[in-house]
Structure formats: C-alpha cells, structure tokens
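S.K.:
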Amino acid sequence: MFKRSKVTDGTASGQGPAGENCNGLEVGIKKKSKVPGVMITQFIETLPEGKSHPDFTRKPIALTIQEGKFAFFKAIVIGDPKPTVTWSRNNGDVSDTSRYQTKYDPNSNEHTFEMPNVKPEQADTYKCFAINEYGQAIVTVVLNVIEVGYKKNKAQQKAVTDEDFKTVLKRKSKVRPKSAQPEKKEGEIDPKFWELLLCADKKDYEQVCAEFGVTDFRWMLKKLKEIKKEREEEQAAFVRSISDLKSIKVNPNGTASFELDMDLIDQSSSIFLYKDGEMVPYTKELGDELKHSLKQIGKKYIFSLRDLMPEDAGLYQVDVDDVTMFSTDFKIPMVDFLVKIQEVKATEREDAVFECVLSNPFSKILWFGKNMPLEQGDKYDIEVSEDKLIHRLVVKDCMVVDKGIYSACAGIKSCNAWLVVEADKDAQKGKKSARKATRAGGSGTDLQKIAQEQQAKLEKVREERKEQIKATPAAPPPESPPAPQPSKAEIISTKAPEPKKVAEPAAVALDPPVVESTGITTGLSDIYALRGNPANLNVKMNTDCDGTWFKDGEQLNTGAAISITKEGTSHNLTIQSCKDENSGVYQFASGELSTQGKVTVGDMPAFDEDDLHKFSKPVIVRVGQNAAFKMPFPPQESLVVSWFKDGVEIKDGGGVKIVKEPNHSRLLLRDCLRTDAGEIKIQLKNPFGAVEATSQLIVIDRPGPPEGPVEIVETTSSIIEFRWSPPKDDGGSAVTNYIVERQQAGQSLWMKLGDVSADKTSFRDRNVTHGKKYNYRIYAENPEGISDSLETADSIMAGIMILSGPPGAPKVVSASKSCINLIWTPPEDDKGVPIIGYQVEKRKKDTNQWIALNALNEPIEDVNYAVKDITEGAEYEFRVSAINESGSGDPSPPSALVCAKNPNMRPCFKDPEDFIVVRAGNSARVKICYEAEPPPQITWLKDDEPISPWINVINIEGMSQLVIPSSKRSDSAIYTIKAKNSVGEASFDIEVRVTDEPKSPGPVELEQTVHDKVVVSWAPSPDQELDDRMYYMVSQYDSKVRVWKTVADRLFTNTYTANNILSGIQYHFRIYAKNDMGPSDPSQSPPWGINSNRVPITSNGVISSEVSFERPPSILVPLKVHTPPRGYQVYMTCAVRGCPTPSVSWYLNDVCINSDSNYYLTNSFGVCSMYILRVRTKDSGEYKVVAVNSFGKAECSSKLNVRGRR
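Residue numbers (my numbering): 35 to 1240.
#1: Return helix, strand or coil for S650, following the three-state DSSP convention.
#2: Where does K116 land, buried or exposed, given buried means 16+ other C-beta within 10 angstroms?
#3: Leaving out the 5 sequence neighbours to the left and right, which residues in its chain are closer than 8 Å to E382 when beta-carbon positions are compared?
#4: Using the C-alpha atoms, what's the distance from V369 back to F396?
#5: For K65, I'd like the list of residues in its chain whose CB is within less than 6 Å of its CB, leaving aside the five on either flank, ordered along the chain.
#6: Considering only the beta carbon of each residue, do S281 and T358 sit closer than 9 Å?
#7: Is the segment 617-635 touching the segment 682-689 in the sense that three or more CB pairs, one from each, lie closer than 8 Å?
#8: Enumerate in chain order the residues of its own chain whose CB-to-CB distance from Q519 is below 7 Å, with the five nearest sequence positions on each side excluded.
#9: Tell me whether T201 sits in a helix, a strand or coil according to DSSP, three-state version.
#10: State whether the segment 421-431 contacts the segment 343-356, with contact taken as three or more CB pairs (one from each stretch) at a distance under 8 Å.
#11: Can you tell which of K398, D710, E83, R340 has the C-alpha that lies nearest to the C-alpha of G113?
#12: DSSP three-state label for N616, please.
#13: Leaving out the 5 sequence neighbours to the left and right, which residues in its chain are closer than 6 Å to P516 when beta-carbon positions are compared?
#14: Give the C-beta separation of A662 and L702 to the nearest angstrom, bearing in mind that I take them to be a contact with Cβ-Cβ under 8 Å.
#15: Going by Cα to Cα distance, which pick from I223, Q670, N178, A843 is closest to Y316?
#16: Check whether the Cβ atoms of V173 and V273 sit closer than 9 Å, and answer yes or no.
#17: Rounding to the nearest angstrom, what Cα-Cα distance links P761 and R656 in this structure?
#18: Drop a sphere of 10 angstroms on the beta-carbon of K613, count the other beta-carbons inside from all chains shown, and report buried for 16 or more, exposed for fewer.
#19: Let me check understanding here. Comparing Cα to Cα, which of I714, A474, E818 lies closest to N738?
#20: Which word fits K1079, buried or exposed, when buried means at least 16 other C-beta atoms lie within 10 angstroms of its C-beta?
#21: Considering only the beta carbon of each residue, do G1161 and R1208 sit closer than 9 Å?
#22: Please classify V495 as buried or exposed, where buried requires at least 16 other C-beta atoms within 10 Å of its C-beta.
#23: Alpha carbon to alpha carbon, how far is C706 from G126? Give it in angstroms, no decimals.
#24: Looking at C-alpha atoms only, which residue of E240, I854, Y964, N591 is the closest neighbour of L931?
#25: Let me check one thing: in DSSP terms, what residues is T556 bridge-paired to?
#26: Please list, in chain order, all residues of the same chain as Q1163 whose beta carbon is under 8 Å from its beta carbon, the five residues on each side excluded.
#27: Can the beta-carbon of P1147 be found less than 9 Å from the beta-carbon of A1228?
#28: According to DSSP, simplified to helix, strand and coil, what is I484?
#29: Below 7 Å CB to CB, which residues in the same chain sit around L558 once its five sequence neighbours on both sides are set aside?
#30: Within 10 angstroms of its Cβ, does K529 collect 16 or more other Cβ (buried), or is it exposed?
#31: Which residue's Cα is closest to the Cα of Q1100: V1219, L564, K1108, S1119?
#32: Can you pull the DSSP bridge partners for D363?
#33: Quick one: complete beta strand (DSSP E) runs, 3+ long, within the segment 890-973?
#34: According to the neighbour-count rule (16 or more other Cβ atoms, all chains shown, within 10 Å of its Cβ), is F649 buried or exposed?
#35: In angstroms with no decimal places, state the Cα-to-Cα distance between S729 and T249.
#36: Between which two residues does the beta strand (DSSP E) holding A244 run?
Right, here's the structure in full:
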C-alpha cells in the first residue's frame, strides 16, 4: 500500500537551520544513534580515519512550562570536525534575539537554547541541527506553554492572525479554520466531506453523502478513488502502514477517544492534532494540564478528550508533519437525563433492570457494564419506548460475576449505578438453582408518567411557538404584480391563497434519445403525464408506411379514451384524459422496426389549503431572534423541496437550517438581521411539475439614526432652532417620535429637552444663554427602541461672539531642561462675560508658528502653568489667551525668550556604594550616578594613579561606569571618581576587592600538652598574605557522635586548642580557609585516639607530680593593621598563652575599653577577639592588648584606620 521514501531528511520548508537549503532533498546514508530519537544522515559512504559524523550524547528534553517563566533546552554534541549547532522551530523563526538566545559553554560542551519570559505563541516543535562536512544529526523537542488567568479562555477565542493563516496554509488538508475559510461558491462541496469519506467504511458512504447532500454516487466514487490515491502517496513519505481506524466515541469515564495504528518511518516525526482546521495542543499522557492527550502503545496512537462540552463537537484530524492521516467527526446531541439509573440489588438467576428517562427523544444510547460496551443479545436486552424517552437495560440471568458498575451514555451525558448480585439462599448446595421469572431493580418511579409529562412539555413548546406565530399581527405583504391567467391544470380556491404553479404541461417529456434507425426518424421516449390531462405519443418514419401500437404487449386500437391517427409519415397516439391505468410501456412497430417509451401518470405536488393559508401569514421577528417556517405536504416519490428568499435559492449551512421530511419541510433562519427580511418561498417539484407557496419574513428592529447634517434655522441671544431629516431605515416599524438632548460646550452632562412628534423634524430651544455654545443630539424612536444619535458637527452659539481682552504678558518663574514655569495676570477687560480659563501657546526662536499647549475645551483655570513639552537647549517665548463661553480672546504680548536648560550646579553623587566584592575572573562594574550642570568632566583613578588602558569607562548623562572585563586579584584597590565642571568638583572613593575561593590550608598537626586538651595547628593557606579578610574554621568529628560539627570559626590564627578530648574516642579535625567568596576545600588532620600521636611526658628522674607548667604570658599571634571603610564591621584577633591563665585588657589610645558597650570582647582559650559592629571615624587609633598573670605581663598593639567619605 505504501512505498518507502528515498528522502533522508523530512524537514519541512522553512524549518531547517539558517543557510541550509531545506527545499532540496539530499540523499544520504541513515545511521543509528545510541540516543533514541536522533536522526543521523551520513553524507559519504566511508569516513576518513579519525573523522566522524555529528551525534548527540545528550538530546534536549520536552518541556511543559508556565507562561512567563524561563524556558531552555540543552544539548551536547560530538563529531570530528566539530559540528555547527543551530536551532529552528516548525511554525515560525527564531531570529528574534530578544525572545531566542543561543549559548555555548566550552567547559561543559553544552549548547543552550534559551527563551526568557516564554509566551503561549512560542509553544511549538523545535529542532536542533548538528552539521559538519561528513553528516548531520537532527533531534526534535516539544515545548508546551501553559497559559494562566483569563488567557486560558481567551486563547481559545482569538482570531487567526495573518501569520497564523500562513502557517495554516502549509497543511495539505483543505479543511481550514472558520476565520480562514474562503468564501464558499455555489455548488461547492465542503472539504470535510472528502476527509470523512477517506477514513469511513464503505457501509457508511451513504450516510455521509446524505449529510452533505451528495446524490451522484458514481461521480463520488470516481473522485474519491483519485483523492485516496493522491493521499496514499503523500502518506507514504512518513508512514509504512495505517490500519485499525476507530472513529471518536464517548467512553464510560466521561472522556472521548479515537485511535489508529500507525507505523512511522521516522519516529521523530511531528504529530499534530487539529479541530475544525485549528491546531490544538495536547499532552503525551492524560493529565490535568491540557484538555487533549495522546497515549502511544507500540504502533497504536490513542487520542483522548476530557471534560467534554458541547463546543467540543467538530472534525478532528491527525497530521504527521503536514499530511493528514486520519479524520473523524464528533457529534454531540443536546440531551440530558431526567431520571438516572439507580442501584439494583438482585438475587442469582434473577433479571436486573436499569432504566432512565431522557429530556429529548433519542433513538439509541450506549450502555456499558464494568467499562465494557453492551449490545443486544442472549445476556442483555436493550429496550426503547415508542416516544424514545425511556431506555432500559435488562441483565438476564444474573450471576455473581455480573456485579459491578453499569452506566448509560447519551451524547456527552452519562450516569452510572451499581449492580449487586446476592447468592440464592434457597438453592441446594452443589446444585444450580432454577432460572427466576422475576425482575429486580427499576427506578422506583412512574417513568411512563414522567415521559408523558416531558412529551407534553415538548409538545407545549411546539404549540406555543405556533400560537406566537398565529398571534403575531400580520403585516401587509408587499405589492406584487398581477398573476398570469391560470391554465386548465391550475387549482382555483377561494378559501386560501393559491400556490403558484411553476410548470404544468399536458405531458412533460424527457430529452428523447435519437433512434438510430434508417426507418424511424423520431422514436418514442419516456413521458410523465398529469392525471386528467391529455398525453400525446408521436413517431416519425422515413417513409409513408403503416404501423401498430401496443401497450404492455397488447395491441391498441382507437376508442373512447385513445385516439390513433396517421398523417403522412407521422404516427400519433393521443390519450384523451390520463388515468392510472394508462401508465405503462407503449410500443410502436412497423414491420421489423419498433420503438417504445414509458408513460407515467401522476399528479403535480399540492398543498393543503389550510396549511397554505397558515404559511402565507408573515413571520415577524426581532433582530437576533430565529425565524422558523414549516410547510406540510402529502408524501410523494421523486419530490424535490427547495427554499428561496427573494428569488434566490437558500442552501443549508451557516445560519440556515433546512429540514426535509417525507411529509413536511422546515426552514430555520438563526439570529436574523434586518437584511434577512423579504419574500420566503417554498417550491415542491416532481417530474409532473412544480408548485410554490410564498410567505413574508419581517425583521423588526430599532430605527437607524436620523439623517444629517443638522441645519441651523435660527440663532439669537435667546433662541436656537435647527432641523434634521428622518432616518433611512425605520427598523420595519414606523417612527413614533424623536428625542432631543443638549450639552453645553465644555461640559460632560447631556440634558433631555423633550420629545418631538414623528411628523415634525425640527426643534426650537428657548432656554439658552447669550454667548454660550451648545451641542445637540437627536434620537429616533419606534416600538422596538431608540436609535443611535445624530449629533451636531460643531457647537452652536446663542447670539453673537463676545471675546475677552488680552491677559498680561506671561513671566518666567523658573526654567530647566524639562520644564518652564510661567505666571500671568488676568485681562483688564473681560467684556462682561466670565472667564472660564486660559490657553497657553509657545513659539520657538526663529520660527513664526505659535503652537497651542492645551485645547480650548481643556482651559487652564489658574494663572500659572508648567510647560513640559520643550526641547533641551531650545529658546522659547510664550503668550496667553483668555477663554469664555464664546471662545478664545485676543492673545497677550509674548514673554521674554527663555532657554530650556538646567541651572548651573556643582557635581554631587547619588547614593554610591563604597565597597564592592568581585570574584576573580568575573567582570567588575562600578556604577556611579551623579547630578551636575553643565555636564562635568569625569576622571577615574586607581590608588590615586591613572587607571590602566584595559579598564573601560562608560559615561552617559547622569552616570559613569567603570568596567574591568576580567578581574584579577591585582585589580583590588581604592578607585576614585572625580567629577569637575565650571561650578565645582567632587570625588568619591570605592574599594573594589577582587578575590576567589581561598586555597586549602597546609598540613594539620595535632599535639597534646595537657590532659584532655589537644592543640591543632596547621600551615597557613597560600592566600593568607593576599587577603586580609580571610580567616579559618575548624570542624571536629569523633567516633562516638559520628557527626561533623563546627567548633571554631573566624580564627585569624593558625592554631586551635580542642578541649574535652576523652580517652578511648577517636577524633578527626578539618580546617577550612574562608573569605567573602566562601570556604575552601578542607585540610584533614590525622586521627587522634588511644596511643595515637600522644606526646610522652618524661619525668627525667623526677616524679611526675612535681612537674610545673606555670609560665608568664606570651603573645602567640599579634594584632594586625586594619583599614575598613566607615560603617563596616571589624574583627581584631590575637592569641595569648600563659599559666595560670592571664587576664586580658584592651586599650584604645591607652584608654581601657573593656567596659565600653560599643566593643564586643571575647576570650576563648587564649584567642582574644574584639568585634565592632559598625566602625566609626572616632574608632581610629592604636589598639593594644595587655595579658597579665602572677608570673609576668605581655602586650601587642596595632592600628585601625577608618576610611571616610569625601
């Protein structure tokens, strides 16, 4: 069925990477990757030694992410030579760098494709291409974006944009979204018809054709064969086989699903789901994220829909890339359960009954038992009442295995209940009990009564609609030209309007075939004759000869009902008055020559007089309502029913619904508009003729707006009179009156002045004030409502204009580059009319144009104004006009020229940071904002020396930035920025510290000098000399607790004394170096335990009790010099030893600070520390530590220099 394609790369046009010719197809060698989903094409047969085609060792992973988040794909590619990696998407491009960013990390060899602030329209199938000269590797990945908030519903209703429309056009299927469908031509078949036939069983062809109104089956089968062949050729490029197509159906769990078996050639091919031509997103498994889902089991693909709603109905299609593989139509009937099925408790061998009542007649519902569909058979009986409202399921001969949940599904509605089967207690052991004739279950209510009530409601609704049509007053139909004189076959009735006879010949003949005989010139043909009318059969011969007439094989002779005549070569048979017995096959024979034709006697279609009278009454509806027409007629064979509006035939579809039944036809026009009004005609046509019936559709609405423009008849100081024209469209109902409203110019309130009768189209307003301007609007009103308004184009003034005098010349209060403040005085002469505000105008130097800064209807109420619409550095002059009810008066004299620039200002810095820590290798950026006028000259210094050339300085207005591209430890320094202009100068110091994670300390040694104490010492970290903020941290581990814990932190020494060291327990120590970047890797100590690293204490012949450890104090680690910025914290630490333990005192400039609460002092086993939370300028000075015991004294000192801001 399918041919294997030679195409090695199925990338669609426009989806390949930039620079790749995606329209051409390159034949290569397919290779298999170790990573599933990677498609490799090798360009040459044999690779050179040491060379390889591209491949993915890590492919991108499909991603489902919420809108607005940061989305990215990562891939690792190998190949020699090194492949070039590019990215693309199926439905769009990725050239916009603000939405798509491609990065490569040479350390990890990762290629990253980033999408910051991802949007719903970026949801798509993306491709990653890795290409070198020996081949290419391609992998696809799907991005799903979850919309949030109101956008969830909005995204479903958004119209197709031009870009989306171009994307839709890439599909080879002709099914388009509603917004993208071209205008349907008359007689054109919906593309859905062919899509459904391609996937339908042959037994369903007739049903599909009936649905779309296709009657020529021979043409349909021929056309379908051509389309199917073309479709199979397209599918062969992507799939090896397609089978087991199952149309969409509703499942017992409330979902709907359809499935197909599909063997893809390339497993990485993209699979798309469409509904009515619009792509819908789906997840790989049924979950809560999306409504649609796909489950793949081997070659079987199952698509599911959850949370079914009426709007889910439509044509669903599955595409592989751009080729449609399967189409199925989902129809949802509008029906619900009035009575749901109830739980049934039955005994073994008893029948169980589930029954329900529907809201609308339904011929067949689906029954499920334990999630399996049930059909009529030996085990189950499915019953439906005559009115099709009551449905029953009978489970016959219940056994224990039959218990479970049973459900009924009608459309998308369902209900379920339990069947509980109890064992028969009366049955004898070891013997099967006899079948019971009883039934268990049922709803427990009178279903017949409920169904009758529902049927009565439905009938009542239908009768109410009929009564509404009858009760609606009939509007006079439009005048029509006089009808032609009826012929003999026309039916004349005085009781009801007469249907129009379109065609009524005595006998309607089909096109006769030419009898190709040398003796017969014109033969007989099949004719249709009206009952009671004459019919004529004529045969012409080449020569004058005799002949004989036969009917159904019996010879005919002239009689009372039949006349046989001959005129030369013409032979005639005339039936005087056709009756049913005259129907048959007539034959004329002359010698060995003969011709025959069939005569069929019948009647033209006809309407019942009462039905015709009802139909002729006009149907009156309001705009937006539905209009319905129904015409009964006697059932008849070969009857063609057609509907017309204003002489144009109406087709089913869109807002038109036509129902054709054997005994009646209905026309429904949905959501009627005014343009839908007109003559509605139904035509019945059969081979004997045609008959028509006519009605009128009247659509009423509120009238259109009155016609303008509004003409001013008179305007004085106390009267304004104006007039207008009636509306073009009165809405189908005469205008009853007009409504006039007025608004004073400059105000927002509209006031109703009164009503004007429909025969008068003018109004005189007597309540006006001289000099004021007014706006008017006029509405037309009929019984259906009020029209849109007709509004005056310009304001109308009462009387003549009285304008105010000029105000005083404006004065400049202040000026800057963005704002100029003005002030002025009111006019001396306001002409007796109150001033409501002012209008300010500006003019740039060396120009003649004055530009208004505010509109006349937005007057400035104060006598001052801040002008912000200016250009920096330009010079302006200003003038002011006073505004009253008549308008704007004379302008004031212009102001003096003023330049839009800031006043001179000494440079000053805005909230700068004075300390920055940067990791070595990263870029260091020092950003300083300032204010100054005129713009200052910026200079940067490093430790009071000019900065190096490789350090970049970026200066823009109000900001200067120093950038060190790749910082090193040697870049640590005090950087100074200097700003200088003509007014003054300013400078500021910023300490930049470039550091990195410290290196590990040196080897660790353990020594025990006193019982239960161990001295831990270590070699300093190589970074100790480079970083004065580096310190140490000690962690301890013992075999008893078996947990590492920190025992000392912020040590500025290289020793630590561990206390409470118990015998019999093994100890370990780790030493970390720490700075602003964090801790280093630890240095591990040797284990300490029983008989391990213990320092023996020799007595040298002296008893151990006589050994003395007393000694004077000594400084093991002295204080260091510190130079912190003001406001920062400071640690000062030293180490002291002595026995007995010495007392330690701290001094600042020889003043003891032990009791000063500004300093936090600690002494932990000889490690003495001082901590200042926020260092102040007065904290600068010489700090000294003095340790004293009974054997002596020791001291050390250092300086603290606090750097302040300049």
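Heads up, the beta-carbon is just placed ideally off N, CA and C, and yes, glycines get one too.
M.R.: Per the coordinate set shown:
#1: helix
#2: exposed
#3: C432, M433, V434, V455, E456, A457, D458, A461, S467
#4: 8 Å
#5: I74, Q76
#6: no
#7: no
#8: The predicted position of Q519 is uncertain, since its pLDDT is 38 and thus under 50; a value taken from the coordinates is nonetheless stated next. Result list for Q519: empty, nothing under 7 Å.
#9: Bear in mind that a pLDDT of 44 at T201, under 50, signals an unreliable position, so the model cannot answer this.
#10: no
#11: E83
#12: helix
#13: Any reading at P516 must be qualified, since the residue scores a pLDDT of 40, below 50, and its modelled position is unreliable; the value itself is stated next. So no residue of the chain qualifies.
#14: 5 Å
#15: N178
#16: no
#17: 19 Å
#18: exposed
#19: Sequence check: residue 738 is Gly here, not Asn. For G738, the nearest C-alpha among the options comes from E818.
#20: exposed
#21: yes
#22: exposed
#23: 41 Å
#24: I854
#25: K574
#26: Y1205, I1206, L1207, R1208, V1209
#27: yes
#28: helix
#29: L571, V573, Y620, F622, T629, Q630, G631
#30: Confidence is the limiting factor: at K529 the pLDDT is only 34, short of 50, which leaves the residue's position unreliable, though a coordinate-based value still follows. With fewer than 16 Cβ atoms within 10 Å of its Cβ, K529 is classed as exposed.
#31: S1119
#32: L349
#33: 898-901, 909-918, 921-925, 939-944, 949-953, 958-967
#34: buried
#35: 29 Å
#36: Unbroken run through A244 is the alpha helix (DSSP H), 239-246; no beta strand (DSSP E).
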